[in-house]
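Visitor:
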Amino acid sequence: MNDGPTNIVVLVPAFREELTISMVVTLSRKFADKVIVVDDGSPDRTSELALLAGAEVITMERNKGKAAALMVGFERCREINPKCTVMLDGDGQMDPALIPDVAAPILAGMADLVIGSRFISEVKANIPRYRVFGQKMLNRVTNIGSETKVTDSQSGFRALSARALQNMDFSSRNYNVESDMITHFMSRGLVIREVPITVRYDVPNGHKQKPISHGYSVLSRMISYIGYRRPLLLFGIPGAIFFFGGLIVIFASFLEIKVMFDWTLVTQSTAGITVFFLGIFLLFDAMILNSLSVLMDNLNISMGERKR
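Residues 0 to 307 (numbering that gives the first Met the number 0) make up the sequence shown, in order.
(1) Helix, strand or coil: how does DSSP classify residue 160 here?
(2) Between residue 285 and residue 105, what straight-line distance do the alpha-carbon atoms span, to the nearest angstrom?
(3) Identify, in the order they occur along the chain, each residue of the same chain with its Cβ nearer than 7 Å to the Cβ of residue 119, setting aside the five sequence neighbours on each side.
(4) Please report the residue range of the beta strand (DSSP E) in which residue 193 lies.
(5) So what does DSSP say about residue 126, is it helix, strand or coil?
(6) Which of the three DSSP states is assigned to residue 13 in this structure?
(7) Touch check for the stretch 44 to 53 and the stretch 74 to 81: three-plus C-beta pairs under 8 Å?
(8) Sort out for me which residues DSSP pairs residue 33 with in a bridge.
(9) Measuring alpha carbon to alpha carbon, tell me which residue in 183, 282 and 191 is nearest residue 230.
(10) Considering only DSSP beta bridges, list what residue 38 is partnered with.
(11) Spatial neighbours of residue 164 within its chain, please: CB distance less than 7 Å, with the 5 preceding and 5 following residues excluded, ordered by chain position.
(12) Which of the three DSSP states, helix, strand or coil, is assigned to residue 46?
(13) Whose C-beta lies closer than 7 Å to the C-beta of residue 169 among residues of the same chain, with five residues either side of it excluded?
(14) Helix, strand or coil for residue 256 per DSSP?
(15) Take residue 190 as the anchor and find which of 294, 101 and 112 has the nearest alpha-carbon.
(16) Please state whether DSSP places residue 116 in a helix, a strand or coil.
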C-alpha cells in the first residue's frame, strides 16, 4: 500500500526483537502505507532486520524505554501526517492482520483513540490468570483516574487519529504510556473506543518488563494521577470519614462512653481529636487540590481547542 495519500502508518517500538521484527514488519506492510520501527537501543540486529523487511528505522543511541521510543516515533508520524497511526509491539504477540479492524473507527471519523481489547473478543483469549487479575486491577485504577470505562488499559495495539497525534504532548515513562495516554486524551475531550483483538503469548521474546514491576509502576503512577485529577475521591472521602469518626469519638468521650477498646477516656479523647484534625487536614487538601484540578482542566480544554 504505497500509492496515493498516506492513510495508515504503523509505528513499532522495538527492543531486542531480532527474532520477530521481520515478521511483524512484513505482515504490517500488507495493511499499511508505511511501517516505522523505533529501535530503542537494541544490542542485537533489530534495526538491520527491520530495515531489510522494508520498514523506516529510527535508531536510538541507548535504551530509554517504550514511552521514549513511542514519543520519537510519534514525532516522525506528525511529519507524515497520516489519517491513522497504529501502534503495534514488535514481539509478535499481536496479529498485524487486525490492523484494518483497529484502524476502521479512526478512518470512519468515529474515534480519536481505538484500543484493541483482549477482553471483549468472542474468542476466549488464552491469557494467563495472573495477567487477567493484574489487568483488571490496572483497568480499575486507570478508569477511576480517567473517568472512563476501558476493558484493556494496558493494550499496546492502538490506533490514533490525526487529532490524537497532535495531542501527544504529555510526559510518560516506559510502560506507563498506555494508561497515561488514556487519562491525557480524556482530559482533552478526545473520543476513545475499543475493538476486540486476540493475542498470543507463545512468542520467543515476550514482555520485557516483569508483570509485578510493570503493575507496580503503572499502579503508583495512576494513584498519583488520581490524587491530581480526583482529589475529592482520594483525599476527600477519607477526610470526611476521619472528620466524622473523630467527632463521634470526641462526643463519646465527653459523655464518658467508651467506644475504643479498653482505652481510658483521656486516651480515647486524644485519639478522637487527632483523627478529627487529620480529617480537617485531608478535607482542606482535597478542596485546594480540586480547585487546582479544575483550573488545569480548563487550561487543557483551551489547549485542546486550539489544536483542533
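All C-beta atoms in this analysis are idealised placements derived from N, C-alpha and C, irrespective of residue type, glycine included.
Guide: On the basis of the coordinates in this document:
(1) Working through the sequence shown from its first residue, we reach residue 160 at position 161. Correct three-state label for residue 160: strand.
(2) Translated into positions along the sequence shown, residue 285 becomes position 286. Translated into positions along the sequence shown, residue 105 becomes position 106. Looking at the two C-alpha atoms, the distance is approximately 38 Å.
(3) Residue mapping note: residue 119 aligns to position 120 of the sequence shown, counting from 1. Closer than 7 Å at the Cβ level, and outside the excluded window around residue 119, lie 150, 193 and 195.
(4) The count along the sequence shown starts at 1 and reaches residue 193 at position 194. Per DSSP, residue 193 belongs to the beta strand (DSSP E) from 191 to 195.
(5) Start at 1 with the first residue of the sequence shown, and residue 126 comes out as number 127. Coil at residue 126, not helix or strand.
(6) For this step, residue 13 is matched to residue 14 along the sequence shown. Looking at residue 13 - three-state DSSP - the assignment turns out to be strand.
(7) no
(8) Working through the sequence shown from its first residue, we reach residue 33 at position 34. 8.
(9) Within the sequence shown, residue 230 is the residue found at index 231, counting from 1. That would be 282, whose Cα lies nearest to the Cα of residue 230.
(10) Within the sequence shown, the letter at position 39 stands for residue 38. Answer is 13 and 58, bridged to residue 38.
(11) The residue you call residue 164 lines up with position 165 of the sequence shown. If we look at residue 164 and ignore the five residues flanking it on each side, its Cβ neighbours are 73, 76, 77 and 84.
(12) Within the sequence shown, numbered from 1, the residue matching residue 46 stands at position 47. Helix at residue 46.
(13) In the sequence shown, counting from the first residue as 1, residue 169 sits at position 170. Around residue 169: 179 and 183.
(14) In the sequence shown, residue 256 corresponds to position 257, counting from 1. Residue 256 falls in the coil class under three-state DSSP.
(15) Walking along the sequence shown from the start, residue 190 turns up at place 191. Residue 190 has its Cα closest to that of 112, out of 294, 101 and 112.
(16) Reading the sequence shown from its first residue, position 117 is the one you call residue 116. Three-state DSSP puts residue 116 in a strand.
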